[in-house]
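Heads up, the thing below is written out as structure tokens.
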Amino acid sequence: MSRTPIDGTVLVVNAGSSSLKYQVLDPVTEEVIADGLAERIGESASRIKHWYRGHDVEVEETLADHEAAIARVLALFAADGVDVADSGLAAVGHRVVHGGRSFFEPTLIDDVVRSEIERICPLAPLHNPANLVGIDAVSALLPDVPAVAVFDTAFFHDLPDAAATYALDAAVAEEYAVRRYGFHGTSHEYVSRRAAEFLGRDYADVDQIVLHLGNGASMSAVAGGRPVDTTMGMTPLEGLVMGTRTGDIDAGIVFQLARVGGMSVDEIDTLVNKRSGLKGLCGENDFRAILERVEAGDAAARLAYDVYLHRLRRYIGAYLIELGGADAIVFTAGVGENAAAVRADSLAGLEKFGIEIDAERNAVRSSESRVISTESSEVTVLVVPTNEELAIARQAVAVAGSTSQAG
Ligand code: AMP
Numbered sequence: 020m021s022r023t024p025i026d027g028t029v030l031v032v033n034a035g036s037s038s039l040k041y042q043v044l045d046p047v048t049e050e051v052i053a054d055g056l057a058e059r060i061g062e063s064a065s066r067i068k069h070w071y072r073g074h075d076v077e078v079e080e081t082l083a084d085h086e087a088a089i090a091r092v093l094a095l096f097a098a099d100g101v102d103v104a105d106s107g108l109a110a111v112g113h114r115v116v117h118g119g120r121s122f123f124e125p126t127l128i129d130d131v132v133r134s135e136i137e138r139i140c141p142l143a144p145l146h147n148p149a150n151l152v153g154i155d156a157v158s159a160l161l162p163d164v165p166a167v168a169v170f171d172t173a174f175f176h177d178l179p180d181a182a183a184t185y186a187l188d189a190a191v192a193e194e195y196a197v198r199r200y201g202f203h204g205t206s207h208e209y210v211s212r213r214a215a216e217f218l219g220r221d222y223a224d225v226d227q228i229v230l231h232l233g234n235g236a237s238m239s240a241v242a243g244g245r246p247v248d249t250t251m252g253m254t255p256l257e258g259l260v261m262g263t264r265t266g267d268i269d270a271g272i273v274f275q276l277a278r279v280g281g282m283s284v285d286e287i288d289t290l291v292n293k294r295s296g297l298k299g300l301c302g303e304n305d306f307r308a309i310l311e312r313v314e315a316g317d318a319a320a321r322l323a324y325d326v327y328l329h330r331l332r333r334y335i336g337a338y339l340i341e342l343g344g345a346d347a348i349v350f351t352a353g354v355g356e357n358a359a360a361v362r363a364d365s366l367a368g369l370e371k372f373g374i375e376i377d378a379e380r381n382a383v384r385s386s387e388s389r390v391i392s393t394e395s396s397e398v399t400v401l402v403v404p405t406n407e408e409l410a411i412a413r414q415a416v417a418v419a420g421s422t423s424q425a426g
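Take the working numbering: the final residue in the sequence shown is number 426, and no numbers are missing along the way.
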């Protein structure tokens, strides 16, 4: 077969309950060949935004389910002369949010693995069922392409017991697999490795704090390449204030809302995951808009920003102590890569701890990795753009490649 435009590339899929994000990229050259998002799947006005080699297509029509969405995406490729099923695609990499206690390596999906991902769905009822729907839909349409699950919890599977254990009745915790798993692991690993590379140092020699600040947000402490703590816990709800999630709250609030407010568990789940965080405090979770409102003197946006910063700084302090001092502090994701004010404010006044931001460097806008601390800062502060799709593609192709050689 002659080489096709997607020969040797990887289709990366991130399926949500009513959405499906995808990218086709070359894991070696890092070239992105196609990128898209199907939204409102299962509703009457579904939409696909599809980008292929420099041109955009937008489709609005009813997509009954994920399989229909993927079939439509494959038809968009076909319109450009690409038969995805027969084009030498090396692998499909699926982002799977929760690996439970079973999975901590990228794993080739077969019937047994699929059943195990299904078995751990109760640990991540908001995420894993949707990931599985994505897996089933793609494998129905691309049955001959190896499918690999890459787990968001994997990087943190070996957290020290003291960091991973909740002080809950031990038998109850054991029965229900209650422990801190951590999430955004693909990003934390990718960014921390890139940071070490960028500094020209061995991964194993760098103690770093990674701040993944996007709509979802988490922080990790990575000691010599080994994560020793992270802010997300059994679910992605714990830790930092996020776009729509509370982050840490007193669990007693849940009892109060149920007993006094008469709210159901599902209502509280929606409240703390979808209607809280920055959005709950000021009605907005787009950080750009919040920063503009703060500038304009809006009190609700100011409080939201202050609560967000207070939580960030609390964890920066905690992780500096846990690591016994850091070599690097690394910002990534939408807010971390773009919001200079958040970077400056989260590390302001920490000169006594050897942390000094350079205002001019911090103000530079760039999509490249860069240092934003002063020459004399003992701790190097960096911005390192994350690329979860690339990380998933590389892991997927490594697993698919080694399996096909073995077989
Ligand atoms: P992510 O989840 O990584 O895509 O990040 C999304 C968040 O990044 C949203 O809250 C955006 O408002 C925020 N963001 C993106 N660009 C900027 C920017 N230039 N300044 C501030 N926040 C931004």
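Just so you know, even glycine gets a beta-carbon here, dropped at the ideal spot from N, CA and C.
Ligand 1 heavy atom lying under 8 Å from the CB of residue i
i    : result
D305 : yes
Y233 : It should be pointed out that residue 233 corresponds to Gly in this sequence rather than to Tyr. True, at least one ligand heavy atom lies under 8 Å from that Cβ.
G353 : yes
G118 : no
N357 : yes
L310 : yes
G204 : no
G262 : yes
Residue i - DSSP class collapsed to helix/strand/coil
i    : result
E407 : helix
Y338 : helix
T23  : coil
I272 : helix
A34  : strand
V29  : strand
L55  : Reading off the sequence, residue 55 comes out as Gly, not Leu. G55 falls in the strand class under three-state DSSP.
I376 : strand
R213 : helix
C140 : helix
T265 : coil
E397 : coil
E80  : strand
Y185 : coil
F170 : strand
H85  : helix
G426 : Residue placement at G426 is flagged as unreliable, the pLDDT there being 39, under the threshold of 50; the coordinate-derived value follows with that caveat. In this structure, G426 counts as coil in the three-state DSSP scheme.
F350 : strand
G204 : helix
A236 : strand
H113 : strand
I60  : coil
Y71  : strand
V284 : helix
R384 : coil
I309 : helix
Same chain only: Cβ atoms within 6 Å of residue i, ignoring 5 sequence neighbours per side
i    : result
A166 : V111, I128 and S158
G119 : I139 and L142
D248 : A182, A240 and E341
L56  : K40 and K68
V47  : none
Cβ distance (whole Å) where residue i is taken to contact residue j below 8 Å
i    : j    : result
H207 : A352 : Not a contact, Cβ separation roughly 10 Å.
F174 : T205 : 7 Å
L297 : V260 : 7 Å
L331 : L44  : About 31 Å; that fails the 8 Å criterion.
V313 : F350 : With a Cβ gap of about 19 Å, V313 and F350 do not count as contacting.
V169 : I411 : 5 Å
D155 : S106 : 22 Å between Cβ atoms; not a contact.
V29  : A109 : 6 Å
N234 : G258 : The Cβ separation is near 14 Å, so there is no contact.
Y338 : M238 : 7 Å
Neighbourhood of residue i by C-beta, 8 Å cutoff - its chain only, sequence neighbours within 5 removed
i    : result
A90  : L160
A367 : I376
G61  : S37, L82, A83 and D84
L256 : R264, T265, G266, V291 and N292
A363 : I376, A378 and N381
A192 : T184, Y185 and R198
Close beta carbons around residue i, own chain, < 7 Å, minus the five adjacent residues each side
i    : result
T399 : L218, D346, A347, V390 and S392
V116 : A143, H146, N147, N150, D171 and F202
G153 : V32, A34, L39, H85 and H113
P24  : I52 and V101
S63  : T81
Should the region 301-316 be regarded as contacting the region 205-215, the criterion being three or more beta carbon pairs within less than 8 Å? Because the criterion of three Cβ pairs below 8 Å is not met, the region 301-316 and the region 205-215 do not touch.
Between the region 190-202 and the region 218-230, can you find at least three pairs of beta-carbon atoms closer than 8 Å? no
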